[in-house]
Amino acid sequence: MTVALTAVALFLVSTPAFAQDGGMSAGAGFGLGAGLSMGLAALGCGMGQGRATASAVEGIARNPQAAGKIQTPMIIGLVFIETLVLFTFAFGFMVRTSAFGG
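Each residue of the sequence shown is one higher than the last, beginning at 248 in our numbering.
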């Protein structure tokens with residue numbers, strides 16, 4: 248595992264070292280960073296939404312009379328979780344437009 252991470256790190260660092268002109272390479276990382284941040288945010292939010300929904304359904308299955316009391320906080324929690332993805336999308340869009348000028 249350590250060898251693979253070292254190889255990836257060397258691969259990423261060696262590319263700018265061999266570059267003749269760094270004019271366009273400075274903006275190339277912005278798109279990659281925006282895409283990775285959106286992907287990681289979507290991954291984390293998907294896992295969080297799955298766990299929240301599973302816990303709520305399990306609670307409703309154990310006590311069906313509490314469905315109304317469980318459903319409202321679950322929906323509010325899902326809204327907060329989904330907001331992270333929307334903020335990440337907006338941040339990635341702002342970084343892209345500021346890096347490439349349009």
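Don't be surprised by glycine CBs; every beta carbon is placed ideally from N, CA and C.
What do you reckon, are the CB atoms on Gly306 and Ala299 nearer than 8 angstroms?
no
Rounded straight-line distance, which links the Cα of Ala281 to that of Val255:
Distance between the alpha carbons of Val255 and Ala281: 20 angstroms.
For the structure I just gave you, are there three or more beta carbon pairs, one from the region 277-297 and one from the region 318-332, closer than 8 angstroms?
Counting Cβ pairs under 8 angstroms, three or more are found: they touch.
If we call anything under 8 angstroms between Cβ atoms a contact, is Ile323 one with Ala303?
Against a cut-off of 8 angstroms, the Cβ pair of Ala303 and Ile323 comes out as no contact.
For Thr249, which residues from the same chain have a beta carbon less than 8 angstroms from its beta carbon, with the 5 sequence-adjacent residues on both sides left out?
Same-chain partners within the cutoff: there are none.
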